[in-house]
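All letters in the sequence shown, in the order written, are residues 3 to 152 by the working numbering. One structure below.
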Amino acid sequence: MSEYIYINLRDKPQLKIEAAEWFHSKWGVPQEAYLECMEAYLSGETELGWYLCLNGNKITGGLGVIENDFHDRKDLTPNVCAVYTEKEYRCKGIAGHLLDMVVEDLRGKDITPVYLVTDHTSFYERYGWEFLCMVQGDDEPDMTRMYIHR
């Protein structure tokens, strides 16, 4: 039976390069952009962090928190970003656990509310997120859904 371990990157900073490669492989954002954000978090420059689910040494899910997830509403910050769970690990509560973990971690640092952009229409509501408004994504022709967790 698999045992999942949930961490923030400060718990295992040695995973920084592997995590940046993993997120890059899922979203196509340059690895250097992830590394820059992760280094700012690890150095204490920001409290907007990176969270992973591990199964043994394998990253099975993850997400990050950044100021703005490539949209026009710069006032709606910070944003959960890069939420991803490997296909074979989906429907096991991993993303939900990571979402709860990040909200609680940020709340403990008096960072609330938290926002995220997504095309999903029912997934995030299960974890206490509420639809807030539509936002314009950078270089995107269509509007995208913005959610809030208060």
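Glycine included, every Cβ here is placed at the ideal spot set by N, Cα and C. All values reported here derive from a predicted model rather than from experimental measurement.
Rounding to the nearest angstrom, what Cα-Cα distance links residue i and residue j in this structure?
i, j, result
"Y91", "S124", "19 Å"
"V137", "H122", "14 Å"
"E132", "P80", "15 Å"
"I19", "Y8", "18 Å"
"E40", "R75", "According to the sequence as given, residue 40 is Met; it is not Glu. Each residue's alpha carbon lies about 23 Å from the other."
"D140", "L56", "32 Å"
"G110", "F25", "25 Å"
"Y36", "K28", "12 Å"
"E127", "M103", "16 Å"
"L108", "G30", "26 Å"
"G46", "N70", "19 Å"
"E38", "E5", "30 Å"
"K89", "D112", "33 Å"
So, for residue i: in the same chain, excluding its five sequence neighbours on each side, which residues have a beta-carbon less than 7 Å away from its beta-carbon?
i, result
"G130", "H151"
"P15", "L44"
"V85", "L65 and A97"
"L78", "Y117 and M148"
Does the Cβ-Cβ distance between residue i and residue j come in under 8 Å?
i, j, result
"V116", "V105", "yes"
"A21", "I68", "no"
"L100", "Y53", "yes"
"G66", "C83", "yes"
"G58", "L11", "no"
"L134", "M145", "no"
Going by DSSP, name the residue or residues bridged to residue i.
i, result
"T62", "None, per the DSSP bridge assignment."
"T87", "G63"
"T120", "R147"
"I7", "L56"
"N81", "I68 and Y117"
"C135", "M148"
"H73", "G139"
Closer than 6 Å by C-beta to residue i: which residues in its own chain qualify, once you throw out the five before and the five after it? Chain order, please.
i, result
"T87", "G63, I96 and A97"
Am I right that residue i and residue j are in contact with their C-beta atoms under 8 Å? What's the rounded C-beta distance?
i, j, result
"E49", "Q33", "Incorrect: roughly 23 Å between the Cβ atoms, too far for contact."
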